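Student: Handing you this structure, nothing more for now.
Here's what the structure looks like:
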């Protein structure tokens, strides 16, 4: 059974993307839209890339997350084409010629287009200064497309905000991991911003508080366009990041439901 046509997706991308969008960040789950009018998955993935670039008159850069947490705490070397575990689109983008993937073995991002060098990073940290998100936010107009998932479930930029605000409920963890560089395997230190184990079982609000604040500040910020069995959500990712910083300035525990009683970092 067919749930949508690729031509419908093409029309939506042409509605949402303009040449003013210096970066279009794409995340979500394409399978949630259902079946489309082709048996070739690459027809869908290729259309997203091609039509996004065309809609921007080739001014934009497409960016997505290409995490590979499956090799964390292993001896499997990270390399340029290590499989990304967050879906088909990330793997499609990182395998495109001239795409650039950031050099972090677990939390990488990949960019393709005019300013793909935003992911040409050397920092051992996933977030913070000179990270892919930091470089992305130096652009003026960043469009976020949450494909087939509600936006509170795809906004990994929250972790960049948490890192920059030094939230106390996370700590820096070091990983000594092998990576492939210049056809050689070398070990280097890399870092993740990790939740204290005391909080891993806590019920979380899944970023809903951040989006409530964002939509109260910008009532018409999020566009919603149905496609197949689900929806494409579009909004200004830079505005959302700045709103998230405002939230954390008001309450450093904004990501949580409430300030925790147990604080392993308190002395």
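In my numbering, the protein residues as written are 0 to 266.
In this text, a Cβ means the ideal position worked out from N, Cα and C, and glycines have one as well.
Values in this document were obtained by computation on a predicted structure and should not be read as measured data.
(1) For residue 180, does the three-state DSSP call read helix, strand or coil?
(2) So residue 243 packs on residue 117, CB below 8 angstroms; how close in whole Å?
(3) Compare the C-alpha of residue 140 against each of 56, 237 and 148 and name the closest.
(4) Using CA atoms only, rank isn't needed, just tell me which of 79, 66 and 76 is closest to residue 87.
(5) Less than 7 angstroms between the CB of residue 224 and some heavy atom of the ligand NAD, yes or no?
(6) Quick check on DSSP: helix, strand or coil for residue 131?
(7) Nearest by alpha-carbon distance to residue 223: which of 265, 148 and 189 is it?
(8) Check whether the segment 176-186 and the segment 71-78 are in contact - that is, three or more C-beta pairs closer than 8 angstroms.
(9) Determine, using beta carbons only, whether residue 207 and residue 151 come nearer to each other than 8 angstroms.
(10) Would you mind sorting residue 107 into buried or exposed? The rule is 16 or more other CB atoms within 10 Å of its CB.
(11) Quick check: what's the CA-CA separation for residue 32 versus residue 109?
(12) Looking at the structure shown, is residue 98 part of a helix, part of a strand, or coil, going by DSSP?
(13) Thinking just about the alpha-carbon of each residue, which of 92, 255 and 24 is nearest to the one in residue 138?
(14) For residue 143, count neighbouring Cβ atoms within 10 angstroms of its own Cβ and tell me buried if that reaches 16, exposed if not.
(15) My parser needs the beta strand (DSSP E) runs of 3 or more residues fully inside the segment 159-228; what are they?
(16) Got a sec, what are the start and stop residues for the beta strand (DSSP E) residue 12 sits in?
(17) Grab me the residues of residue 52's own chain with a C-beta within less than 8 angstroms of its C-beta, minus the 5 sequence neighbours each way, in chain order.
(18) I need the boundaries of the beta strand (DSSP E) containing residue 64, first residue and last residue.
(19) Our contact map puts residue 14 next to residue 35 with C-beta atoms below 8 angstroms; I'd like the distance itself, whole angstroms only.
(20) Compare the beta carbon distance of residue 120 and residue 89 with 8 angstroms and say whether it is the shorter of the two.
(21) Give me the Cα-Cα distance between residue 29 and residue 146, rounded to the nearest whole angstrom.
(22) Report the rounded CA-to-CA distance for residue 45 versus residue 9, giving the unit in angstroms.
(23) Given a threshold of 16 other Cβ atoms within 10 Å of its Cβ, counted over all protein chains shown, does residue 104 qualify as buried or as exposed?
Tutor: According to the data block:
(1) Mapped onto the chain shown, residue 180 falls at position 181. The answer is strand: DSSP assigns residue 180 an E or B state.
(2) Here residue 243 refers to the residue found at position 244 of the chain shown. Here residue 117 refers to the residue found at position 118 of the chain shown. With 8 angstroms as the limit, residue 243 and residue 117 do not qualify as a contact, their Cβ atoms being about 19 angstroms apart.
(3) Start at 1 with the first residue of the chain shown, and residue 140 comes out as number 141. Of all alpha-carbon atoms in 56, 237 and 148, the one lying nearest the alpha-carbon of residue 140 is that of 237.
(4) Within the chain shown, the letter at position 88 stands for residue 87. Checking every option, the nearest Cα to that of residue 87 belongs to 66.
(5) No copy of the ligand NAD occurs in the structure displayed, which carries no ligand at all.
(6) On the chain shown, position 132 is the one that residue 131 refers to. In the structure shown, residue 131 falls within a helical segment according to DSSP collapsed to helix, strand and coil.
(7) Position 224 of the chain shown holds residue 223. Checked all of 265, 148 and 189; the closest Cα to residue 223 is 148.
(8) Because the criterion of three Cβ pairs below 8 angstroms is met, the segment 176-186 and the segment 71-78 touch.
(9) The residue labelled residue 207 in the question sits at position 208 within the chain shown. The residue labelled residue 151 in the question sits at position 152 within the chain shown. Cβ atoms of residue 207 and residue 151: closer than 8 angstroms.
(10) Translated into positions along the chain shown, residue 107 becomes position 108. Per the 10 Å Cβ criterion, buried.
(11) By one-based count along the chain shown, residue 32 stands at place 33. By one-based count along the chain shown, residue 109 stands at place 110. The alpha-carbon atoms of residue 32 and residue 109 are separated by roughly 23 angstroms.
(12) One-based indexing of the chain shown puts residue 98 at position 99. Correct three-state label for residue 98: coil.
(13) One-based indexing of the chain shown puts residue 138 at position 139. Measuring from the Cα of residue 138, the nearest candidate turns out to be 24.
(14) For this step, residue 143 is matched to residue 144 along the chain shown. Buried: at least 16 other Cβ atoms inside 10 Å.
(15) For the segment 159-228, whole beta strand (DSSP E) runs of length 3 or above, ordered along the chain, are 169-180, 183-194 and 222-226.
(16) Sequence index remark: in the chain shown, residue 12 carries index 13 (1-based). The continuous stretches of beta strand (DSSP E) do not include residue 12, which lies in the alpha helix (DSSP H) extending over residues 5-15.
(17) Residue numbering aside, residue 52 sits at position 53 when the chain shown is read from its first letter. Taking C-beta separations shorter than 8 angstroms and ignoring five residues to either side along the sequence, the partners of residue 52 in its chain run 59, 61 and 112, following chain order.
(18) Residue 64 sits at position 65 when you count from the first residue of the chain shown. Per DSSP, the unbroken beta strand (DSSP E) holding residue 64 starts and ends at 60-64.
(19) Residue 14 sits at position 15 when you count from the first residue of the chain shown. Residue 35 sits at position 36 when you count from the first residue of the chain shown. In fact, because the Cβ distance is near 18 angstroms, the residues do not count as touching under 8 angstroms.
(20) Taking the chain shown and counting its residues from 1, the one referred to as residue 120 is at position 121. Taking the chain shown and counting its residues from 1, the one referred to as residue 89 is at position 90. No, these two residues do not count as a Cβ contact at 8 angstroms.
(21) For this step, residue 29 is matched to residue 30 along the chain shown. For this step, residue 146 is matched to residue 147 along the chain shown. When rounded, the distance between both Cα atoms is 6 angstroms.
(22) Numbered from 1 along the chain shown, position 46 holds the residue referred to as residue 45. Numbered from 1 along the chain shown, position 10 holds the residue referred to as residue 9. Using only the alpha carbons, I get a separation of about 11 angstroms.
(23) Residue 104 sits at position 105 when you count from the first residue of the chain shown. With a threshold of 16 other beta carbon atoms within 10 Å, residue 104 meets it and is buried.
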